[in-house]
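Undergrad:
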Amino acid sequence: MNKQLAYVTGNIASPAGDIPKVSTTLSGKDILQTIGVRWDINRDSYTVAPGLYAVGEPGAGSDVFVTANYKFSFDVVRKNLSGLNAWILVLDTKGINVWCAAGKGTFGTKELVNRIRLTSLENIIAHKRLILPQLGAVGVSAHKVKEETGFTVIYGPVRAADIREFVDLKYKPTREMRKVTFPFKDRMKQIPVDSIYRISYLFGAFILFFLLSGINHLSFSLQLAVDNGLKALLSLFLGYIAGIVFTPLLLPYIPAKRFALKGMIMGIIVSVILLFFHILGNGLIEIVSWFLMISAISSFMAMNFTGSSTYTSLSGVQKEMKVAVPVQISFAGIGFILFVISKFV
């Protein structure tokens with residue numbers, strides 16, 4: 087068997103042909119892959135082939151659960167279908183999770199209708215009922231799916247862990263099942279991949295500011311670069327960490343609604359701490375430059391976290407970026423100019 091399809095344990099015959107049967111137990115390889123993806127390792131190839139899969143021994147009356155072809159989403163669904171006889175319909179979301187794909191339109195009405203037809207689902211099940219994750223609702227128009235395919239869309243719980251109870255309750259979700267939460271544990275899980283995502287830009291900035299730190303009004307000094315450069319690198323690093331680590335971890339406790347503003351607040355707090363320990367720079371101009379740059383970096387990195395959060399909507403993110411990005415660019419640009427000027431005064 088192909089190692090990439092180790093989760094496939096066999097096939098089930100159906101009127102539309104053989105359907106791959108998948109395990110509900112995650113293997114050591116599945117777990118290692120998940121850990122790797124958390125650190126942005128092989129993230130772009132972490133996918134499952136779109137199509138129909140079987141769990142247990144499903145038949146014409148078994149439920150159909152719809153998910154994305156991001157393998158982590160697929161794994162979470164199949165794991166929580168343990169003990170059930172069910173079908174999993176995997177949409178082609180280009181390797182993106184349900185929440186983000188729904189916002190981008192790949193977990194949407196057109197793809198769902200297309201996948202129903204490609205899998206000949208109407209020949210496999212008799213009840214014409216599909217169970218979709220609630221977080222995919224923004225991308226799917228249930229009445230259009232009904233008009234074009236005859237299938238009825240039912241929105242299931244927010245979390246796959248509640249699927250079994252949802253089915254036992256005859257598809258009637260409890261209030262808790264509908265509640266979208268983003269607890270500390272979930273926020274922690276998002277930090278590694280977001281931290282690694284733009285790490286190359288950080289290293290580029292390290293090199294640039296190390297070299298600039300060695301400039302004075304007379305010449306370039308390697309010793310000056312070492313003495314002042316380490317402080318500059320620490321300032322850059324903590325500005326980055328303020329946005330990508332401190333902001334998500336402290337998210338509910340930071341005043342303001344917008345992620346960009348939350349990040350800017352954390353950047354200012356970090357700047358004040360660095361100033362207290364005499365690390366922020368030499369002279370008023372350089373200190374002001376770092377306040378501006380650290381705030382901009384932290385704000386930008388925190389704003390990028392919106393793509394990992396269920397706190398925001400696509401329209402909300404777009405609205406926030408329209409206001410925040412020009413401010414971030416202005417702060418970073420003015421701060422950089424002041425930093426360079428401080429080397430010649």
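Number 200 in the working numbering belongs to position 114 of the sequence shown; there are no gaps in the numbering.
Glycine included, every Cβ here is placed at the ideal spot set by N, Cα and C.
Where does V226 sit, in a helix, a strand or coil, going by DSSP?
TA: It is coil, neither helix nor strand.
Undergrad: With H, G and I counted as helix, E and B as strand and the rest as coil, what does DSSP make of F422?
TA: Helix at F422.
Undergrad: Looking at the unbroken beta strand (DSSP E) that takes in V94, where does it start and where does it end?
TA: Taken as a continuous stretch (DSSP letters only), the beta strand (DSSP E) holding V94 covers 94 to 98.
Undergrad: On the DSSP bridge assignment, give the partners of F306 in chain order.
TA: Note: F306 sits in a beta bridge opposite I301.
Undergrad: Measuring straight from C-alpha to C-alpha, what distance separates Q90 and F151?
TA: A caution first: Q90 carries a pLDDT of 49, below 50, which makes its placement in the model too unreliable to give a value.
Undergrad: Is it true that the CB of G225 sits closer than 7 Å to the CB of F268?
TA: Not a contact, by the Cβ cut-off of 7 Å.
Undergrad: Relative to the alpha-carbon of G222, which residue among Q276, S159, E251, R284 has its alpha-carbon at the smallest distance?
TA: Of the candidates Q276, S159, E251, R284, the one whose C-alpha sits nearest the C-alpha of G222 is S159.
Undergrad: Express the C-alpha separation of I415 and E208 in angstroms, rounding to a whole number.
TA: So the alpha carbons of these two residues sit roughly 53 Å apart.
Undergrad: Could you check if V239 belongs to the surroundings of the ligand ADP, using beta carbon to heavy atom distance under 6 Å?
TA: You won't find the ligand ADP in this model; it holds no ligand whatsoever.
Undergrad: Measuring straight from C-alpha to C-alpha, what distance separates M407 and F292?
TA: Near 26 Å, if we compare the C-alpha coordinates of F292 and M407.
Undergrad: Shortest alpha-carbon distance to I210 belongs to which of S100, I423, S321, L324?
TA: Closest option to I210, Cα to Cα, is S100.
Undergrad: Can you tell me the Cα-Cα spacing of I105 and A246, whole angstroms?
TA: Spanning the two alpha carbons is a distance of roughly 22 Å.
Undergrad: Apart from the five residues just before and just after D248, which ones in its own chain have a Cβ nearer than 6 Å to its Cβ?
TA: Taken in chain order, the residues that qualify are M263.
Undergrad: Nearest CA to the CA of F417: which residue from W376, L170, T235?
TA: The shortest C-alpha separation from F417 is found at W376.
Undergrad: Which of helix, strand or coil does DSSP assign to R215?
TA: Three-state DSSP puts R215 in a strand.
Undergrad: Among L167, W185, V411, whose alpha-carbon lies nearest the alpha-carbon of D254?
TA: The shortest C-alpha separation from D254 is found at L167.
Undergrad: Return helix, strand or coil for F270, following the three-state DSSP convention.
TA: If DSSP states are grouped into helix, strand and coil, F270 belongs with the helices.
Undergrad: Which value, in whole angstroms, describes the spacing of the CA atoms of G122 and N128?
TA: About 7 Å.
Undergrad: Out of curiosity, what's the CA-to-CA distance linking Y339 and E143?
TA: Cα to Cα, Y339 sits roughly 47 Å from E143.
Undergrad: Looking at the unbroken alpha helix (DSSP H) that takes in A382, where does it start and where does it end?
TA: Element bounds for A382: 370 to 390.
Undergrad: In whole angstroms, what is the alpha-carbon distance linking I301 and I380?
TA: About 21 Å.
Undergrad: Taking the alpha helix (DSSP H) that I182 belongs to, which residues open and close that run?
TA: Note, I182: premise wrong, no alpha helix (DSSP H); not H, not E.
Undergrad: Would you mind reading off the limits of the beta strand (DSSP E) that contains K256?
TA: Neither: K256 is in no beta strand (DSSP E) and is coded neither H nor E.
Undergrad: Measure from the alpha carbon of Q276 to the alpha carbon of each residue in N183, H229, A311, P243, then state which is nearest.
TA: Nearest of N183, H229, A311, P243 to Q276, Cα basis: N183.
Undergrad: Going by CA-CA distance only, name the one from M387, K230, S321 that's closest to F363.
TA: Here the closest residue by C-alpha is S321.
Undergrad: Roughly how many angstroms lie between the CA atoms of K115 and T95, to the nearest whole one?
TA: So the two alpha carbons sit approximately 15 Å from each other.
Undergrad: With V162 as the anchor, note down where its alpha helix (DSSP H) starts and where it stops.
TA: Where V162 is concerned, the enclosing alpha helix (DSSP H) stretches over 157 to 165.
Undergrad: From L297 to K429, what does the alpha carbon distance come to, in whole angstroms?
TA: C-alpha separation (whole angstroms): 11 Å.
Undergrad: S305 and G349 - do their beta-carbons sit closer together than 7 Å?
TA: No, they are not a contact pair.
Undergrad: Would you report the Cα separation of S113 and V163, rounded to the nearest angstrom?
TA: Taking the straight line from one Cα to the other gives about 15 Å.
Undergrad: Could you pull the DSSP bridge partners for W173 from this structure?
TA: Paired residues: A140, V150.
Undergrad: Find the nearest neighbour of F391 within the set L204, K265, I327, T195, judged by alpha-carbon distance.
TA: Minimum Cα distance to F391 is reached at I327.
Undergrad: Along the beta strand (DSSP E) that carries T238, what are the first and last residues, could you check?
TA: Here the beta strand (DSSP E) through T238 covers 238 to 241.
Undergrad: Which residues in the same chain as L424 place their Cβ atom closer than 8 Å to its Cβ, once the five residues preceding and following it in sequence are excluded?
TA: The residues are I371, E372, V374, S375, L378.
Undergrad: Below 8 Å CB to CB, which residues in the same chain sit around D149 once its five sequence neighbours on both sides are set aside?
TA: Taken in chain order, the residues that qualify are L170, A172, W173, R215, I217, V253.
Undergrad: Going by CA-CA distance only, name the one from V356, G315, K317 that's closest to I330.
TA: With distances taken between Cα atoms, I330 lies closest to V356.
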